[in-house]
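Protein sequence lines, in the order shown, are assigned to chains A and B. Here my numbering is used: the first residue of the first sequence is 1098, the next is one more, and so on. Here my numbering is used: the first residue of the second sequence is 275, the next is one more, and so on. Where a beta carbon is used, it is the ideal one built from N, C-alpha and C, also for glycine.
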Amino acid sequence: MSKTAIIVGASHGGVQAAAALRQGGWDGAIRLFSAEDALPYHRPPLSKAFLAGEKTEDQILLRGEAFYRDSDIDLHRGEPALRLDATKREIETGNARYGYDTLILATGSRARRLGVDGAELDGIVTLRSLDDARRIRPALEQAGSLAIVGGGFIGLEIASTAAKAGKKTTVIEAQDRLLARALPPVLSDFLRDYHRDKGVAFRFGAAVAAFKGARGRAQAVMLADGERVDADLIVVGVGGEANVDLARQAGLKIDAGGLHVDDEGRTSDPHIYAIGDVAAAHNPHAGARLRLESVQNAVDQARMVAAGICGAAAPAAPVPWFWTDQYDLKVQMAGLSRPGTTRLMRGNPGDGAFTLLELDGDRLIAAHSVNRAADHMAARKLIAAGTPLAVDQARDTTTALAKAVARTDA
Amino acid sequence: MLGQGAGLKLDIGRMDEKVKIVFQSVDGDRRIEVSAPAGTSVMEAAIMNNVGGIEAECGGACVCATCHVYCDLVAPDSLPEQQLDEDDMLDMAAAERRPASRLSCQIKLSRELDGAVFILPEAQV
C-alpha cells in the first residue's frame, strides 16, 4: 500500500520538503498543512519590498499554485494541525484526522511578545506572516512616526523601509549595540551609523517598561529610565520562539528552545522529523545544539530530511548563511560568529563595502560582508573546506578572497 | 507632486500589460510559453507558472544563484545592465557559467522582452 507523508507547516522548510520528497522519488501521498489561507510565500520580503509596496503577493510566492497540483502535493490551506497522536500516527485538524507513515514538523516560530503594561493596545504589531504585513503596510503608510522595539534583523529592515518612506523612526534596543549575538561590534557600529545617517534614532541599553495610549490605541513606548518615545505605530521585533506546542503535547523531546533532532533531522519519535526554525539540531559550526531562524537552514534541513526519507545519502552539513537588505546595503553572513575569534578586516567600512573575517587559528569560521557578495560566496566555500587562510592576501582586496589560501607543502 | 502621481499611474499601467516569454531546456526539447505582468521578474514569471528548472531559493534577493538562465537568444539591449552582485553570484551557479548567463530575478519583464526565449540550465543546486 502506498505511504503517506504529512508535512505540518508550509513555509520555506515545509514547501521545500514537499518538493524534495517528490524530486527524490517519494511516490506516496504528500499532505502539506498550512495554518494560513494564502499560498505559501517568501518571508524575507515581508519587511522589505512587500512592506514598501514594491512587490505584490503574487510576486513573493514560493511556488505558483500549479506547482502543488502538478507535483501531486495536497496543500491544505487554512487548516492548522491541532493535535498530534504519535502512537496512532495521526494528526487532527478542525476538519478531520489524517494518518501518516512519516511526519515532518515544519511549524516554524512565532514573534515573542513583551509582557508589559499596555501590550494589548492597538497599534502595537509584530511582523512574521503575510497577514501581519498586510496589516502593517497601510498602518505604516498612515503613520508619521514609528517606534521599533528590538534592533535585530527584522527591526532594522523595517527601520530601513520606514526611514526610506520618510517616517520618523526610533529603534529601542536592550543591548548596548545592534545584533549583539549575530555580529561583531564593527558591523553593529557600521549599521548604527548608516541608519543614523538616514535619520533613524536609537536608544541603547533601553528596557521597555510599558506602552501608553488612549482610547485603546498605543501612542508611546515608556522606557525604564522614564523616557517616553511617542509613535503612531509600534513594532515589536524581539526575537522568535519555536512553535513546539503540537510536539510537546505528543511528548516529543524539547531541547534548546526547540524540537530535539538528531543529525538526520529525526525527533525522539523515529517516524517524526523536524526542520527549520522549530528544530534544535547539533550544529557543527557552533559546536552546540541550537535553533537557526533562516531560509537557508530551513531549505537545507528540508532537503536533508527528504533525502533520508527517500533513502538517499544526506548532503554534507552546510555552512549557515544569512542575508539582510537595508537601504542599499546587502549584508551577508557566512558561518556563525563566536567570541574569542581573530578578526581581520578586508576593505574599509568607510567605503561602504567590506568583509570582516573571523578566524580560529588560520581557519576561517565566519565572514560578514557588506556589499561584497564575492567575498561572501568565497567565504562559504572556504569555511566548508576548512582550508588554512593566507592572512595577508585575505586582507588585500586586490586579491580575490577565494585565492587567499595558505600554501601547504605537499 | 505631478511627477509622483504620474509615476504611480505609469507603474500601474505597466503592471496591467502582460508580457509573453518562453522558457526552453538546454537541448531545446522542452518549450514553455508563459505570460506575466510587465514589471514582474523573469524568475517570478517562472515561479507563478510553475515552469520548473528555476528554484529561486532566496526569492529574488540576488543571494542564491538558483534562478540562473542563459540569454543567448535574447536581444542584449532588451536586458538590464548586470550589477556587480549579480556578476559575483553567477560565479556560484550550479551549472556552467557562460557569457550569456544571467540571474532571472534581476530581469524585469518589459514590452521589449515580449517573445524572448530564456534557456534553462541543467541544474540550479
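A/V1375 versus A/L1227, A/M1474 and A/R1363, residue with shortest Cα-Cα distance
Position 278 of the first sequence, counted from the start, is the residue given in the question as residue 1375 of chain A. The option with the nearest alpha carbon to A/V1375 is A/R1363.
Give me, in chain order, the residues of the same chain whose beta-carbon lies closer than 6 Å to that of A/E1189; leave out the 5 immediate sequence neighbours on both sides.
Along the first sequence, one-based indexing puts residue 1189 of chain A at 92. Hits under 6 Å: L1179 and R1180.
Determine whether the beta carbon atoms of A/A1464 and A/T1452 lie at a separation below 8 Å.
Walking along the first sequence from the start, residue 1464 of chain A turns up at place 367. Walking along the first sequence from the start, residue 1452 of chain A turns up at place 355. Yes.
Closest Cβ-Cβ distance between B/I321 and chain A: below 8 Å?
Within the second sequence, numbered from 1, the residue matching residue 321 of chain B stands at position 47. Output row for B/I321: interface = yes.
Proximity of A/V1396 and A/V1305 at Cβ, strictly below 8 Å
For the purposes of this step, residue 1396 of chain A is taken as the residue at position 299 of the first sequence. For the purposes of this step, residue 1305 of chain A is taken as the residue at position 208 of the first sequence. Not in contact: A/V1396 and A/V1305 (Cβ atoms no closer than 8 Å).
Can you tell which of B/M322, B/E329 and B/Q298 has the C-alpha that lies nearest to the C-alpha of B/A368?
Position 94 of the second sequence, counted from the first residue, corresponds to residue 368 of chain B. Measuring from the Cα of B/A368, the nearest candidate turns out to be B/E329.
Below 9 Å on C-beta distance, what does B/E318 contact in chain A?
Locating residue 318 of chain B in the second sequence gives position 44, counting from the first residue. Residues of chain A passing the Cβ test: K1152, D1155, Q1156, I1157 and L1158.
Any beta carbon from chain C within less than 8 Å of A/G1444's own beta carbon?
This model lacks chain C altogether; the protein chains it does include are A and B.
Top-ranked residue by Cα proximity to A/E1238, from A/L1159, A/N1192, A/A1260 and A/A1126:
Position 141 of the first sequence, counted from the start, is the residue given in the question as residue 1238 of chain A. Checking every option, the nearest Cα to that of A/E1238 belongs to A/A1260.
Quick one: what does DSSP say A/I1269 is sitting in, helix, strand or coil?
For this step, residue 1269 of chain A is matched to residue 172 along the first sequence. Reduced to three states, the DSSP call for A/I1269 is strand.
Is A/A1439 near A/L1426, with beta carbons less than 8 Å apart?
Looking up residue 1439 of chain A in the first sequence gives position 342. Looking up residue 1426 of chain A in the first sequence gives position 329. Correcting the residue type first, residue 1439 of chain A is Thr in the shown sequence and not Ala. No, the pair does not count as a contact, with Cβ atoms beyond the cut-off.
For A/E1270 versus A/F1299, is the C-beta distance shorter than 8 Å?
The residue you call residue 1270 of chain A lines up with position 173 of the first sequence. The residue you call residue 1299 of chain A lines up with position 202 of the first sequence. Taking 8 Å as the cut-off, the Cβ atoms of A/E1270 and A/F1299 count as close.
Can you say whether A/L1090 is buried or exposed, counting buried as having 16 or more other CB atoms within 10 angstroms of its CB?
The question about residue 1090 of chain A has no answer here: the residues shown for chain A are numbered 1098 through 1507.
Runs of alpha helix (DSSP H) wholly within the stretch 1411 to 1458 of chain A (minimum 4 residues, chain order)
Taken in chain order, the stretch 1411 to 1458 of chain A contains no complete alpha helix (DSSP H) segment of 4 residues or longer.
Assign B/V399 to buried or exposed, taking buried as 16 or more other Cβ atoms, counted over all protein chains shown, within 10 Å of its Cβ.
Residue 399 of chain B sits at position 125 when you count from the first residue of the second sequence. Counting Cβ neighbours within 10 Å, B/V399 comes out exposed, since fewer than 16 surround it.
A/R1443 burial status per 10 Å Cβ neighbour count (16 or more: buried):
Against the first sequence, residue 1443 of chain A aligns to sequence position 346. Classification for A/R1443: buried.
Roughly how many angstroms separate the alpha carbons of B/L282 and A/G1252, rounded to a whole number?
In the second sequence, the residue the question calls residue 282 of chain B occupies position 8. In the first sequence, the residue the question calls residue 1252 of chain A occupies position 155. Because B/L282 sits at a pLDDT of 36, beneath the cut-off of 50, its placement in the model cannot be relied upon, and the following sentence gives the value as read from the coordinates. Roughly 28 Å separates the two Cα atoms.
Can you round the beta-carbon distance between A/S1434 and A/P1281 to whole angstroms, since I take them to be within the 8 Å contact cut?
Start at 1 with the first residue of the first sequence, and residue 1434 of chain A comes out as number 337. Start at 1 with the first residue of the first sequence, and residue 1281 of chain A comes out as number 184. Contact holds; Cβ gap of about 6 Å.
Please go through the same chain and pick out, in chain order, the residues whose beta-carbon is closer than 6 Å to the beta-carbon of A/F1250, but skip the five residues on each side of it.
By one-based count along the first sequence, residue 1250 of chain A stands at place 153. Close CB contacts of A/F1250 within its chain, under the 6 Å cut and outside five residues either way in sequence, are with T1421 (chain order).
Counting pairs of beta carbons, one from the stretch 377 to 396 of chain B and one from the stretch 313 to 330 of chain B, are three or more of them closer than 8 Å?
Contact between the stretch 377 to 396 of chain B and the stretch 313 to 330 of chain B is present, because at least three Cβ pairs lie under 8 Å.
Can you tell me whether B/Q357 is buried or exposed? The criterion is at least 16 other CB atoms within 10 Å of its CB, across all chains shown.
Here residue 357 of chain B is taken as the residue at index 83 of the second sequence, counted from 1. It counts as exposed.
Verify whether the separation of the beta carbon atoms of A/P1417 and A/Q1393 is less than 8 Å.
Locating residue 1417 of chain A in the first sequence gives position 320, where the first residue counts as 1. Locating residue 1393 of chain A in the first sequence gives position 296, where the first residue counts as 1. Their beta carbons are under 8 Å apart, which means A/P1417 touches A/Q1393 by this criterion.
Partner residues on chain A for B/V337, Cβ-Cβ distance less than 7 Å:
Working through the second sequence from its first residue, we reach residue 337 of chain B at position 63. For B/V337, the chain A residues whose Cβ falls inside 7 Å of its Cβ are W1420 and Q1429, in order along the chain.
I'd like to check one pair, A/R1278 with A/L1148: are the Cβ atoms closer than 8 Å?
As a position in the first sequence, residue 1148 of chain A is number 51, starting the count at 1. As a position in the first sequence, residue 1278 of chain A is number 181, starting the count at 1. No. Outside cutoff.
Between which two residues does the beta strand (DSSP E) containing B/L377 stretch?
Numbered from its first residue, the second sequence carries residue 377 of chain B at position 103. Annotation for B/L377: the continuous beta strand (DSSP E) segment containing it runs S375 to L377.
Bridge-paired residues (DSSP) for A/A1339:
Against the first sequence, residue 1339 of chain A aligns to sequence position 242. Answer is A/S1206.
Tell me A/I1372's beta-bridge partners as DSSP assigns them.
By 1-based counting over the first sequence, the position of residue 1372 of chain A is 275. Note: A/I1372 sits in no beta bridge, so no partner.
Under a three-way DSSP split, which group does A/Y1291 fall into?
By 1-based counting over the first sequence, the position of residue 1291 of chain A is 194. Of the three classes helix, strand and coil, the one that applies to A/Y1291 here is helix, per DSSP.
For a contact meaning CB atoms closer than 7 Å, what does B/G333 contact in chain A?
Position 59 of the second sequence, counted from the start, is the residue given in the question as residue 333 of chain B. Simply H1139, P1141, P1142 and I1157.
Quick one: which chain B residues come within Cβ less than 9 Å of A/A1163?
As a position in the first sequence, residue 1163 of chain A is number 66, starting the count at 1. Taking the beta carbon of A/A1163 as reference, the chain B residues within 9 Å of it are M322, N323 and N324, listed in sequence order.
Taking all protein chains shown into account, do 16 or more other C-beta atoms lie within 10 angstroms of the C-beta of A/A1491, making it buried, or fewer, making it exposed?
Taking the first residue of the first sequence as 1, we reach residue 1491 of chain A at position 394. Under this definition A/A1491 is a buried residue.
Between A/H1109 and A/R1140, is the Cβ-Cβ spacing less than 8 Å?
Walking along the first sequence from the start, residue 1109 of chain A turns up at place 12. Walking along the first sequence from the start, residue 1140 of chain A turns up at place 43. Cβ atoms of A/H1109 and A/R1140: closer than 8 Å.
Are at least three pairs of beta-carbons, each pair with one atom in the stretch 1316 to 1329 of chain A and one in the stretch 1156 to 1163 of chain A, less than 8 Å apart?
By the Cβ rule, the stretch 1316 to 1329 of chain A does not count as touching the stretch 1156 to 1163 of chain A, because fewer than three pairs are nearer than 8 Å.
Between B/D290 and chain A, is there a C-beta pair that is closer than 8 Å?
For the purposes of this step, residue 290 of chain B is identified with residue 16 of the second sequence, where counting begins at 1. Under the 8 Å criterion on CB atoms, B/D290 is classed as non-interfacial with respect to chain A.
Going by DSSP, what residue range makes up the alpha helix (DSSP H) through A/I1233?
The residue given as residue 1233 of chain A occupies position 136 in the first sequence. Per DSSP, the continuous alpha helix (DSSP H) segment holding A/I1233 begins and ends at L1227 to Q1239.
Mark B/E396 as exposed unless 16 or more other C-beta atoms lie within 10 angstroms of its C-beta, in which case mark it buried.
Numbered from its first residue, the second sequence carries residue 396 of chain B at position 122. So B/E396 ends up on the exposed side.
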